[in-house]
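Structure, as structure tokens:
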Amino acid sequence: MSEKILVFDSTLRDGAQAEGISFSVEDKIRVVETLDKMGIDYIEAGNPGSNPKDIEFFNRIKGIRLNHAKLVAFGSTRRGGIAVEDDANLKAILETETPGVAIFGKSWTFHITDIIKTTLAENLKMIEETMAYLKAQGKDVTFDAEHFFDGYKNDPAYAIEALLAAQEGGADCLALCDTNGGTLPYEIQEIVTDVRQKLRIPLGIHCHNDSGLAVANSLMAVHAGARQVQGTFLGYGERCGNANLATIIPNLQLKMGFHCLADAELQKLTSSAIRIAEISNYALTGREPFVGKSAFAHKGGMHIDAVMKNPASFEHVSPEAVGNERRILMSEVSGRSTIIQLINEVDPSLTKKSDETTRVMDRIKELEYQGYQFEGAESSVKLLIRKELGMHKPFFTLEDFKTIGEQTHTKEALSSSAVVKINVDGQSEINAAEGDGPVNALDKALRKALEVFYPKISEVRLTDFKVRVIDSKSATASKVRVLIESSDGVDIWTNVGVSTDIIEASLIALIDSIEYKLLSDEEREQQKH
Ligand SMILES: [Zn+2]
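Position 467 of the sequence shown, counting from 1, maps to 467 under our numbering, and the rest follow consecutively.
Structural data, given as structure tokens:
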């Protein structure tokens with residue numbers, strides 16, 4: 001049995017410090033549920049002493065039972081010169097009734113004398129007494145030694161004394177923090193190795209990414225003996241962010257031989273990343289290691305050929321292990337061997353030489369000539385293949401649509417409205433909606449109409465919308481290519497539409513996107529039975 005590393009997620013506390021992130025109480029509850037389902041051990045959810053919104057959250061979460069994770073409230077050691085019982089911040093922490101607490105304290109002398117302005121001896125007492133007080137209340141206590149690595153470099157003896165005070169007070173884990181994110185991996189290894197020899201309780205690691213090294217530093221710390229790893233899911237955090245747990249966890253588990261999550265939980269890594277990004281209202285770039293859309297995307301004939309023969313040729317781990325999937329990017333260079341992979345998903349009996357394959361290839365070439373580009377839009381190709389093979393049953397037909405742009409003299413954004421009429425199995429449905437611009441209005445109206453027949457459409461959101469004018473050498477009007485990225489909180493997919501009219505191009509992509517969602521849901525259902 002491989003050794004367990006405790007995973008400590010601070011997306012809701014340190015992650016909430018990131019520029020552009022603001023969690024509502026509802027968002028926080030959804031993040032907690034997502035992390036709990038994935039098997040994360042500790043969820044640090046906020047600082048009740050400093051933030052009224054966090055107090056409301058901790059009250060709400062009391063009624064929700066978690067399956068695995070321990071909820072953690074965060075705060076500082078008692079203030080200087082007062083008794084622990086009189087500290088308002090510690091009182092607020094105890095009122096949350098969380099099983100875990102994380103308490104930060106100072107270990108860098110300069111911060112003690114110049115920032116919080118107390119004596120070095122009083123600081124040690126603050127640490128020890130706070131630990132003892134919380135342990136007496138039955139808490140699982142992590143001591144976050146703030147600026148530990150800088151403190152150690154400046155005055156190693158005192159930095160160690162701060163840890164010894166926490167150990168003396170009864171802390172369960174000592175998390176060494178690279179708060180300013182400036183430490184290098186080999187320094188982390190040396191310092192953690194030394195600290196480990198001087199302390200008897202488990203060590204944790206908390207890294208920031210200011211040098212682009214937070215993941216590397218966390219792995220080095222575990223390599224040197226740390227057994228709790230702190231970070232935020234997807235690396236959200238102040239300045240350049242925190243250590244990215246979605247990168248650390250698979251490295252620890254798939255490469256370093258440690259145990260963080262059950263295999264089935266690790267397979268939720270990608271869908272959890274999509275979900276947390278969505279709740280955080282942060283767009284994924286696609287290049288996130290392990291969980292990004294491009295993490296296992298192959299382009300170029302030779303690479304694709306090699307991956308098909310043996311995935312290990314261009315993949316460091318198997319995408320299935322982290323719940324991601326291999327993608328074969330479509331482009332003019334990728335040729336028949338790419339297309340046949342996608343065709344075989346629909347009909348395994350067809351080969352590169354089949355007439356049907358030629359027909360699909362001809363159709364793709366024709367569309368590429370018209371201005372389509374399928375790279376990154378395999379979901380459109382999958383639908384195209386089904387149509388060419390006569391295996392596509394449309395889920396609906398669009399009978400009519402109209403958009404109306406309205407210009408107002410107020411400062412509000414230009415609003416538009418759209419009316420659509422669809423037909424499903426002979427039954428018509430008309431719907432209208434307003435939106436920011438005609439495409440948004442169309443999208444809303446179309447989905448409202450379809451929800452009557454397919455309630456799961458309400459899960460779908462447009463996550464990206466790109467328009468490119470295609471350089472046209474002909475005398476006719478130039479064309480636009482619209483790429484729409486959609487997500488249902490589990491999957492992300494992209495569709496493409498081309499037309500001389502931007503609304504029509506958008507509509508082609510929108511319809512494809514919805515058809516793809518319905519088709520995927522249907523396939524998922526079939527696999528279950
Ligand atoms: Zn931090």
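We put the beta carbon where it would ideally sit given N, CA and C, even for glycine.
Indicate whether the contact test is met: 3 or more Cβ pairs, each with one atom in the segment 216–230 and one in the segment 16–31, closer than 8 Å.
-> no
Rounded straight-line distance, which links the Cα of GLY323 to that of ALA475 | With a pLDDT of 48 at ALA475, under the threshold of 50, the predicted position of this residue should be treated as unreliable, though the coordinate-derived value follows. ALA475 and GLY323: Cα-Cα distance of roughly 48 Å.
Compute the Euclidean distance between the alpha carbons of LYS198 and ILE160, then round it to the nearest angstrom.
-> 8 Å
Assign THR403 to one of three DSSP states: helix, strand, or coil.
-> strand
Who pairs with CYS173 in a beta bridge, going by DSSP?
-> THR142
How about the segment 284–291 and the segment 257–268: do they share at least three Cβ pairs that are nearer than 8 Å?
-> no
In whole angstroms, what is the alpha-carbon distance linking ALA132 and PRO48?
-> 20 Å
Looking at SER50 and ligand 1, is the gap between the Cβ and the nearest heavy atom below 8 Å?
-> no
beta-carbon ASP14 near ligand 1 non-hydrogen atom, thresh 8 Å | yes
State whether the segment 298–314 contacts the segment 100–112, with contact taken as three or more CB pairs (one from each stretch) at a distance under 8 Å.
-> no
My understanding is that VAL480 touches ALA509, with C-beta atoms under 8 Å, so please give their C-beta distance in whole angstroms.
-> About 11 Å; that fails the 8 Å criterion.
Which whole-angstrom value is the C-beta distance of ILE457 and ILE514, which I expect to be below 8 Å?
-> 7 Å
Near MET38, what residues of its chain come up, given a Cβ to Cβ distance below 6 Å and the 5 sequence neighbours on each side ignored?
-> GLU265, LYS268 and SER272
What's the C-alpha gap between ILE422 and GLN370?
-> 27 Å
Among MET1, GLU525 and LEU398, nearest to ALA262 - alpha-carbon criterion = MET1
Cβ neighbours of GLY390 in the same chain (closer than 7 Å, five flanking residues each side left out) | Correct list: empty, nothing qualifies.
Which parts of the segment 14–39 are runs of the alpha helix (DSSP H), unbroken and 4 residues or longer, counting only runs that do not cross its ends?
-> With a minimum length of 4 residues, the continuous alpha helix (DSSP H) runs that stay inside the segment 14–39 are 25–38.
Taking LYS70 as part of the beta strand (DSSP E), name the residues at either end of that continuous run.
-> 70–76
Select from GLN427, SER478, PRO438 and ALA445 the residue whose C-alpha is nearest the C-alpha of PHE453.
-> For the residues GLN427, SER478, PRO438 and ALA445, the minimum Cα distance to PHE453 belongs to GLN427.
Buried or exposed: where does SER50 fall if 16 or more other Cβ atoms within 10 Å of its Cβ makes it buried?
-> exposed
Residue burial classification, GLN526 (beta-carbon count within 10 angstroms, cutoff 16) | exposed
Cβ-heavy atom distance, HIS530 to ligand 1, below 8 Å | Shown here, the chain extends from 1 to 529; a query on residue 530 therefore has no answer.
For SER294, is the beta carbon positioned less than 8 Å from some heavy atom of ligand 1?
-> no
Close beta carbons around ASP521, own chain, < 7 Å, minus the five adjacent residues each side = LYS456
Quick one: is the Cβ of ASN324 within less than 8 Å of any heavy atom of ligand 1?
-> ASN324 Cβ: outside cutoff for every heavy atom of ligand 1.
Would you say the beta carbon of THR193 comes nearer than 8 Å to a heavy atom of ligand 1?
-> no
Can the beta-carbon of PHE74 be found less than 9 Å from the beta-carbon of VAL25?
-> no
Please work out which residues of its chain come closer than 8 Å, Cβ to Cβ, to ILE112, disregarding the five sequence neighbours upstream and downstream, and give them in chain order.
-> LYS106, THR118, THR119, LEU120 and ASN123
Please indicate yes or no: does the CB of ASN242 lie closer than 8 Å to some heavy atom of ligand 1?
-> For ASN242, the distance from the CB to the nearest heavy atom of ligand 1 is below 8 Å.
Of the listed residues ASP155, ILE116, LYS517 and VAL419, nearest to GLU378 (C-alpha basis) | LYS517
How is GLU375 classed by DSSP in three states: helix, strand or coil?
-> coil
Per-residue DSSP class, three states only, for THR98 | coil
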